[in-house]
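Engineer: Residue numbers (the numbering used here), protein chains in the order written: chain A, 146 to 259; chain B, 3 to 120.
A virtual CB, placed ideally from N, CA and C, is assigned to each residue, including glycine.
As the structure is a computational prediction, the values presented were derived from the model and not from experiment.
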């Protein structure tokens, strides 16, 4: 069975701190895709990143970076120098090849205080 | 482009009433989905469609029906609403599977519908 675990229910930081959101996934398939979505207080879901299982290169986009490690089945998300606007619920998700269905984790609520 | 839109944004129903949620997308996407989001549960797939005229069950399909008569629309119906169906419902669409590793299409989400069943 496939599963995504986000063990951190809620994280609070002060602005400018770095913060890492953990994501651990389970699948026996060798081909799969991993995603992160952001859900700000307004409620919509915003796509952040997609990785396939054959690409373990870390990715950086501005203050955001992602660390994909197949050896530990993890796809962690780091925000550097956090800002109040980063306050949101962040979801990690898994999809298997040829299914196009997303399996979501339960989300991590990040609160960044000024 | 409006992207993915959902109608209505809010609705309150009494137990036993029926209603239909409408999802529309203007991106010519093949695949469409309905999710529900409950506190502490993340998003769970209710039903999905891989093309006009097709539908399939997701993780939590009981109590819901769907139809995809037009490519751009995906309807979610509750025939007899129950309090357990109180939730936020999200529709999403994607271009579907490109069939080439690395060209998987991400899902684009609508703004959500907050449904309360009393």
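(1) By Cβ distance, which residues of its chain are closer than 6 Å to residue 1 (chain B), with the 5 residues on each side in sequence left out?
(2) Based on Cα-Cα distance, which residue from A:172, A:186, A:209, A:225 lies nearest to residue 242 (chain A)?
(3) Under 8 Å Cβ-Cβ, which residues of chain B neighbour residue 172 (chain A)?
(4) Against chain A, does residue 43 (chain B) count as a neighbour if the rule is that its beta carbon must be under 8 Å from one of theirs?
(5) So what's residue 157 (chain A) in DSSP terms, helix, strand or just coil?
(6) Counting only beta-carbon atoms, is residue 92 (chain B) nearer than 8 Å to chain A?
(7) Can you tell me which of the three DSSP states residue 40 (chain B) falls into?
(8) Less than 8 Å between C-beta atoms, sequence neighbours within five positions excluded: which residues of the same chain meet that for residue 184 (chain A)?
(9) Drop a sphere of 10 angstroms on the beta-carbon of residue 38 (chain B), count the other beta-carbons inside from all chains shown, and report buried for 16 or more, exposed for fewer.
(10) Thinking C-beta only, is residue 5 (chain B) closer than 8 Å to residue 188 (chain A)?
(11) Can you find the residues in the same chain that come closer than 6 Å, C-beta to C-beta, to residue 90 (chain B), ignoring five residues on each side of it along the sequence?
(12) Would you kindly check if the distance between the Cβ of residue 212 (chain A) and the Cβ of residue 225 (chain A) is under 8 Å?
Structural biologist: Based on what the coordinates show:
(1) The question about residue 1 (chain B) has no answer, for chain B in this structure spans 3 to 120.
(2) Walking along the first chain from the start, residue 242 (chain A) turns up at place 97. That would be A:172, whose Cα lies nearest to the Cα of residue 242 (chain A).
(3) Within the first chain, residue 172 (chain A) is the residue found at index 27, counting from 1. Neighbours of residue 172 (chain A) on chain B: none; closest Cβ ~15 Å, over 8 Å.
(4) Within the second chain, residue 43 (chain B) is the residue found at index 41, counting from 1. It does; some Cβ of chain A falls within 8 Å.
(5) Numbered from 1 along the first chain, position 12 holds the residue referred to as residue 157 (chain A). Residue state, collapsed to three classes: strand.
(6) Position 90 of the second chain, counting from 1, holds the residue named residue 92 (chain B). Yes, contact with chain A.
(7) Sequence index remark: in the second chain, residue 40 (chain B) carries index 38 (1-based). If DSSP states are grouped into helix, strand and coil, residue 40 (chain B) belongs with the strands.
(8) Counted from its first residue, the first chain places residue 184 (chain A) at position 39. Once the five neighbours on either side are set aside, the close Cβ partners of residue 184 (chain A) are 190, 191, 233, 234, 235, 236, 252.
(9) Position 36 of the second chain holds residue 38 (chain B). With 16 or more other Cβ atoms within 10 Å, it is buried.
(10) On the first chain, residue 188 (chain A) is found 43 positions in, with the first residue counted as 1. On the second chain, residue 5 (chain B) is found 3 positions in, with the first residue counted as 1. Contact: no.
(11) Working through the second chain from its first residue, we reach residue 90 (chain B) at position 88. Only 39, 114, 116 meet the Cβ criterion.
(12) Your numbering for residue 225 (chain A) matches position 80 in the first chain. Your numbering for residue 212 (chain A) matches position 67 in the first chain. No, Cβ-Cβ distance for residue 225 (chain A) and residue 212 (chain A) is not below 8 Å.
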